[in-house]
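For the sequence shown, my numbering gives the first residue as 5, with consecutive numbering after it.
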Amino acid sequence: MSSELTFRGHETQQVNDEYSPKPNKPWLSVIRPIRYMLREQRLVFVLIGIVIASVFFTIIPSSSTSSSSSFSTRPYESDSISYFDRESKTTPAVYKQRAASVVHSSGKIPLGIKRKGLRIVVTGGAGFVGSHLVDRLMARGDSVIVVDNFFTGRKENVMHHFGNPRFELIRHDVVEPLLLEVDQIYHLACPASPVHYKFNPTNVVGTLNMLGLAKRVGARFLLTSTSEVYGDPLEHPQKETYWGNVNPIGVRSCYDEGKRTAETLTMDYHRGAGVEVRIARIFNTYGPRMCLDDGRVVSNFVAQALRKEPLTVYGDGKQTRSFQYVSDLVEGLMRLMEGEHVGPFNLGNPGEFTMLELAKVVQETIDPDAKIVYRDNTEDDPHKRKPDISNAKEHLGWEPKVDLRKGLPLMVSDFRQRIFGDHKEGGSDA
Ligand SMILES: NC(=O)c1ccc[n+]([C@@H]2O[C@H](COP(=O)([O-])OP(=O)(O)OC[C@H]3O[C@@H](n4cnc5c(N)ncnc54)[C@H](O)[C@@H]3O)[C@@H](O)[C@H]2O)c1
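Here it is in structure tokens:
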């Protein structure tokens, strides 16, 4: 058996040796794939695939190029020139590039469709200043998301926008992170009156979270800082270049130093992470929708005069303040956000009044017989305050238009309605 097997193997070998290859036919290598393609409509499928791929690659490149330029990887450039100069030299191009990047990377604006309005978050938007700002942004046609924990704000301040598809209200404390796709962030969330800010240190953590959001989604960020960063000023009037005279451990420090830290964080995110920022230093502002009885001097006097209570003057009443009507402030904030300068910018009315002069205007406007009572002054109360607004005039083309005697009556009618229940929610504006 075994020899037989061996023999067969040899036989096979012989046959192979005798094999002579067929002549080469090169056209077969072309014909075969063509035949293969024509079978079972494979060609049709290939052509459809090519059409889909061409459409896809003609549209996609524009967005992928833009989205590759990330905000966070473009640190801000020069450090040696002033905020005003630096911003005017470098920002417009950077911002435009970033704005384009946001638009493409987030896919908010489908190609070929014109942008209708911005998506804007207003933290603290249910508060006094915030709600007036929201009104202006809504009137401009933007989509507005209000983020507020209602610590001092009220739903009534924004409820006239309920039902508008461009408006959203989120109850949220900004000390907790939040992710929203937006183009701009107006960061106002912070209790602004002495009776409230001592209980809610929002400034540092809240600002950090909102800056983180701005960095993440490439939004422009505006901080509402305050004239309190100048403390009890040794320079008068106060220019933005003045570094202030602030008690770091006093009862007002959580607010003053909190806002100073917020400014520092804002500039650090700007320089270090390339976030587009704006800083407003707001001086005393008044108007409809201010909290009643929150310890701020204008609202105090107006509420007291309406209730036929004596006006409480702290100290000798000779300390000075400047009073800005809320519509002027909102105009300044919007110009700052839309402009090309980081700031900080003083936004306030340079008209300077002593507390006694203010009390007199309130008497003239509401009740000439209103009495004045004196109380001990509060700790670290600044002696004088008056903004130098030359920078805002020059760089933002902004200055206040409503003086105290014109603005106060507008606030009084809102307060009267709220105190005496002659109800009309929302208040009025100048
Ligand atoms: N009004 C002024 O005279 C004045 C002056 C200087 C600076 N500012 C600044 O302007 C901003 C607005 O001030 P305002 O006068 O409208 O005060 P406001 O108290 O009326 O408004 C602040 C809003 O922020 C909300 N808020 C507070 N803490 C929050 C938190 N942790 N999370 C979410 N929301 C929170 C409040 O509920 C309120 O709606 C503040 O940042 C304030 O420091 C105001």
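Backbone N, C-alpha and C define an ideal beta-carbon position, used for all residues, glycine too.
Which whole-angstrom value describes the C-beta separation of residue i and residue j, a residue pair presumed to lie in contact below a C-beta threshold of 8 angstroms?
i: L310; j: L333; result: At roughly 23 angstroms, the Cβ-Cβ gap does not stay under 8 angstroms, so L310 and L333 are not in contact.
i: R325; j: V301; result: 7 angstroms
i: R123; j: S147; result: 5 angstroms
i: P291; j: G157; result: Note that residue 291 is Gly in the sequence shown here, rather than Pro. About 15 angstroms; that fails the 8 angstroms criterion.
i: N161; j: A130; result: 5 angstroms
Can you pull the DSSP bridge partners for residue i?
i: F60; result: BP columns for F60 are empty, so no partner.
i: H191; result: T127, L227
i: D152; result: R175
i: R285; result: S229, N350
i: R325; result: F357
i: N249; result: G235
i: V34; result: Looking at the DSSP assignment, V34 forms no beta bridge with any residue, so it has no partner.
i: Q242; result: P391
i: G376; result: Rather than Gly, the amino acid found at residue 376 in this sequence is Ile. L315.
i: S147; result: R123
i: Y290; result: Y329
Can you find a C-beta in chain D that's less than 9 angstroms from the C-beta of residue i?
i: V255; result: Checking the listed chains, one finds no chain D in this structure; it contains a single protein chain.
Closer than 7 angstroms by C-beta to residue i: which residues in its own chain qualify, once you throw out the five before and the five after it? Chain order, please.
i: V406; result: Y329, S331, D332, A434
i: N207; result: C194, G262, K263, T265, A266
i: V209; result: V179
i: R140; result: V334, M338
Let me check understanding here. Comparing Cα to Cα, which of the options lies closest to residue i?
i: A396; options: E344, G411, V365, E368; result: E344
i: K322; options: E335, F357, A307; result: F357
i: G145; options: R170, H165, V151, N161; result: R170
i: I376; options: T382, E361, V125; result: E361
i: E335; options: H136, Q421, V186, V59; result: H136
i: G235; options: V221, V255, R220; result: V255
i: L408; options: R422, G425, F424, G355; result: G355
i: P297; options: R422, K410, P372; result: For clarity, residue 297 is Asp in the given sequence; the question names Pro instead. Residue R422 is the option with its Cα nearest to D297.
i: M359; options: P348, D385, L269, L32; result: D385
i: M415; options: V365, P372, R379; result: V365
i: F349; options: E313, R275, S394, E368; result: S394
i: E441; options: Y378, Q367, G347, R420; result: What is shown of the chain runs 5 to 434, which leaves residue 441 out entirely.
i: E2; options: Q242, P372, A143; result: The requested residue 2 is not part of the displayed model; the chain covers only 5 to 434.
i: I370; options: I35, S417, L51, L337; result: S417
i: P413; options: Y378, E368, T382; result: E368
i: P181; options: H164, V151, F166; result: V151
i: L183; options: I149, F155, I54, H240; result: I149
CB-CB under 8 angstroms to residue i, same chain, minus the five flanking residues each way: which ones, in chain order?
i: M341; result: Q188, Y190, R224, L226, R282
i: T77; result: Bear in mind that a pLDDT of 29 at T77, under 50, signals an unreliable position, so the number given afterwards is only what the model happens to contain. If we look at T77 and ignore the five residues flanking it on each side, its Cβ neighbours are G278.
i: Y99; result: Residue placement at Y99 cannot be trusted, given a pLDDT of 43 that sits under 50; what the coordinates show is reported in the next sentence. The answer, listed in chain order, is R224, E280, E344.
i: D380; result: Y318, G319
i: A218; result: I189, R224, F225, Y273, V279, E280, V281
i: N153; result: R175, H176, D177, V178, A193
i: L269; result: V208, T211, L212, L215
i: S58; result: none
i: M142; result: V148, H165, N168, R170, F171
Please list, in chain order, all residues of the same chain as residue i whose beta carbon is under 6 angstroms from its beta carbon, the five residues on each side excluded.
i: F132; result: R293, M294
i: Y134; result: According to the sequence provided, residue 134 is Gly. The question's Tyr does not apply to it. Excluding positions up to five away in sequence, the list reads V126, G128, L192.
i: R339; result: L400, W402
i: L315; result: F305, Q308, A363, A374, I376
i: P404; result: Q328, D332, N353
i: V221; result: E185
i: L47; result: M41
i: F424; result: none
i: L238; result: N249
i: S303; result: M294
i: E172; result: I149
Indicate, with yes or no, if ligand 2 has a heavy atom lying under 8 angstroms from the CB of residue i.
i: V406; result: In the structure on display, ligand 2 does not appear, and the ligands it does have are ligand 1.
- Is there contact here, the region 236-247 with the region 211-225, by at least three beta-carbon pairs under 8 angstroms? Result no; under three Cβ-Cβ pairs closer than 8 angstroms.
- Item | Segment contact flag, the region 278-292 with the region 222-237, C-beta cutoff 8 angstroms, min 3 pairs | Under the three-pair Cβ rule at 8 angstroms, the region 278-292 counts as touching the region 222-237.
- Message: Using 8 angstroms as the cut-off, can you tell me whether the region 261-270 makes contact with the region 386-400, which would need three or more C-beta pairs spanning the two stretches below that distance?
- Response: Verdict: no, contact absent.
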